[in-house]
Amino acid sequence: MGGAKKGDTVVTVGTRKGLFVFHSRDRKRWQKRGPYFEGVEIRHAILDPMEGKTLYAGVTSEHWGMMVSRSTNLGDRWDLGKEGPRFTKESGLTVTRIWQLQEGVDGSLYAGTEPAGLFRSEDHGVTWSSVDSLNYWKGRDKWPAGGGGLCLHTILPYPKDAKRMLVGISAAGIFATNDDGESWRMYDAGIREYGKQKFFDREDAMTCVHKMARDPADPAIVYQQNHAGVFRRNRGDARWSLMEKGLPVAKSTGGPFGFPMVAHPHDRGTAYAVPLVGDYNRVTPKGSMAVFRTTNGGKRWDRHSKGLPQKDAWFTVLRDGLRTDDGDPAGVYVGTTTGQLYASRNDGESWQLIADHLNGIQSVEAGTFGGQ
Amino acid sequence: MVEGDMRVRVELPTGLRQYAGGKSSFEVRAASLADAIREINAQHAGLAYRLLDDQGRMRRFVLVFVNEEPVAHLPPEDVRLRGGDTVHILPSVAGG
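Protein chains in written order, with our numbering: chain A, 5 to 376; chain B, 7 to 102.
This is how it looks when you write it as structure tokens:
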């Protein structure tokens with residue numbers, strides 16, 4: 005199918021102008037497919053993590069609406085879909101972008117949108133239902149938009165319990181359900197107040213979460229890159245706690261600034277981040293690109309740059325621009341807003357350029373063709 | 007309610023034709039723009055979603071002309087059509 009064989013690594017790369025799909029047997033030599041959806045922004049695309057054959061793409065057409073399209077042959081043919089997620093007429097809202105796709109523990113498909121909304125499909129993206137308890141949250145009218153808009157950009161199901169889920173909304177904060185979306189609670193206590201070394205005590209502080217990831221060995225532990233720093237929280241903790249040692253600190257926010265946060269697929273306490281100068285200049289510090297890794301749950305971060313550009317690299321890595329695959333050692337992939345895709349096949353120790361001159365990379369996802 | 011000879015022509019731009027089986031135009035019976043959109047959606051399910059936002063208004067970057075008159079700013083049900091009219095649907099000059 006599409007030249008890929010079971011066990012190959014598949015990397016989907018959403019750009020401002022179309023979707024690219026890369027696949028490789030050895031993660032050294034890559035074959036490129038696409039661009040698909042010419043001229044259209046693909047904010048996020050995933051390979052179904054369970055069966056490993058179906059691609060889903062969140063298609064943001066400024067003209068013709070927002071869809072989730074599906075391909076069962078690695079992009080040779082796309083089911084363009086009939087209707088995307090929608091808000092109710094009474095809400096006054098209209099979906100303008102699909103930020104995130106995520107498969108649920110029960111096999112349903114979730115979409116996170118702009119304006120912030122969570123939608124669920126039980127028929128592989130053909131029809132969608134709104135998670136009303138969150139989408140029409142009582143305090144919604146006070147939710148502030150982040151620089152990228154008011155968007156629901158992170159969806160983290162809890163692998164051990166299909167009723168639990170965590171979502172991130174910029175800049176409304178972190179919301180969690182433990183009853184399959186019947187009700188939600190906010191979890192912002194412990195996040196740094198902007199530019200200070202003071203931390204919110206309130207869970208409903210409405211902080212600007214940028215990305216969250218679950219620890220692979222203990223998914224109750226969550227790592228977070230926030231606008232105002234880097235944090236971790238375990239279920240039962242009263243608040244988020246700092247995990248910033250070794251990361252460069254932004255002058256403006258008081259903590260490390262960046263967008264992505266991903267976890268290693270297997271190794272407990274291992275996560276990756278890409279710090280930027282700060283919110284006033286969202287580029288790699290000193291024009292020198294690095295991916296930072298912690299292997300001890302955030303007690304210490306180390307800089308890894310072998311194979312990454314160390315001079316005149318003035319770009320951004322967006323919140324979905326960093327991902328790991330299922331491999332051992334892990335493959336790590338990072339895409340830049342200037343269209344470079346870098347990959348590591350040794351847990352992030354060293355990097356190689358897979359593709360250059362793509363359009364601005366919005367997202368990178370990795371999976372195993374045919375499932376793990 | 008569509009009465010009499012209310013046949014109008016609807017012209018689609020290149021970008022929309024992939025959702026309409028490759029067709030570039032339709033002849034439908036419609037007394038309003040909303041009727042016309044319903045009619046073409048009945049022939050190619052999903053076309054209405056491409057044109058209308060969640061509130062039932064024309065999407066922000068969709069232009070509609072009835073003959074030469076711009077009407078995209080109006081609620082589709084308020085745009086009256088007469089037999090022989092041509093509805094032109096176009097993408098607005100937007101993007102980056």
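Positions of the beta carbon are idealized from the N, C-alpha and C atoms, including for glycine.
A:D316 carries a coil assignment under DSSP once its states are collapsed to helix, strand and coil. A:I159 and A:N363 have their C-alpha atoms spaced approximately 25 Å apart.
Looking only at A:L113, A:Y276, A:D208 and A:T342, the smallest Cα-Cα distance to A:D52 is reached by A:L113.
At a cut-off of 8 Å between C-beta atoms, B:A48 does not count as an interface residue with respect to chain A.
Within 7 Å of the CB of B:V68, the CB atoms of chain A belong to H67, in sequence order along the chain. Flagged as an interface residue toward chain A: B:D59, by a C-beta distance shorter than 8 Å. Our two residues, A:F91 and A:R272, have alpha carbons roughly 39 Å apart in a direct line.
Under the three-pair Cβ rule at 8 Å, the stretch 12 to 19 of chain B does not count as touching the stretch 11 to 29 of chain A.
When the five nearest sequence neighbours on each side are left out, the beta carbons in the same chain lying within less than 6 Å of the beta carbon of A:L97 are those of F91 and P119, in order along the chain.
The DSSP-derived three-state label of A:P161 is strand. Between A:R90 and chain B, the shortest Cβ-Cβ separation is below 8 Å. Residues of the stretch 67 to 87 of chain A whose Cβ lies closer than 9 Å to any Cβ of chain B, in chain order: H67, W68, G69, M71, L84, G85, K86 and E87. By the neighbour-count criterion, in which 16 or more other beta carbons inside 10 Å mark a residue as buried, A:L357 falls on the exposed side. Think of a sphere of 8 Å around the beta carbon of B:L22: the chain A residues whose beta carbon falls inside it are W68, in chain order. Between A:P264 and A:V336, the C-beta spacing is not below 8 Å. Given a length threshold of 3 residues, each whole run of the beta strand (DSSP E) inside the stretch 325 to 370 of chain A is given here in chain order: 326 to 328, 336 to 339, 345 to 348 and 356 to 359. For A:D136, the enclosing alpha helix (DSSP H) stretches over residues D136 to N139. Per DSSP, B:L39 is one residue of the alpha helix (DSSP H) stretching across L39 to Q49. Restricted to the stretch 11 to 93 of chain A, the beta strand (DSSP E) segments that are unbroken, complete and at least 3 residues in length are 13 to 19, 22 to 28, 35 to 40, 45 to 51, 59 to 65 and 69 to 75, listed in chain order.
Beta bridge pairing from DSSP links B:T92 with B:R15.
Listed in chain order, the alpha helix (DSSP H) elements of length 4 or more contained wholly in the stretch 117 to 201 of chain A are 136 to 139. With distances taken between CA atoms, A:F235 lies nearest to A:F204 out of A:F204, A:R189, A:G111 and A:A294.
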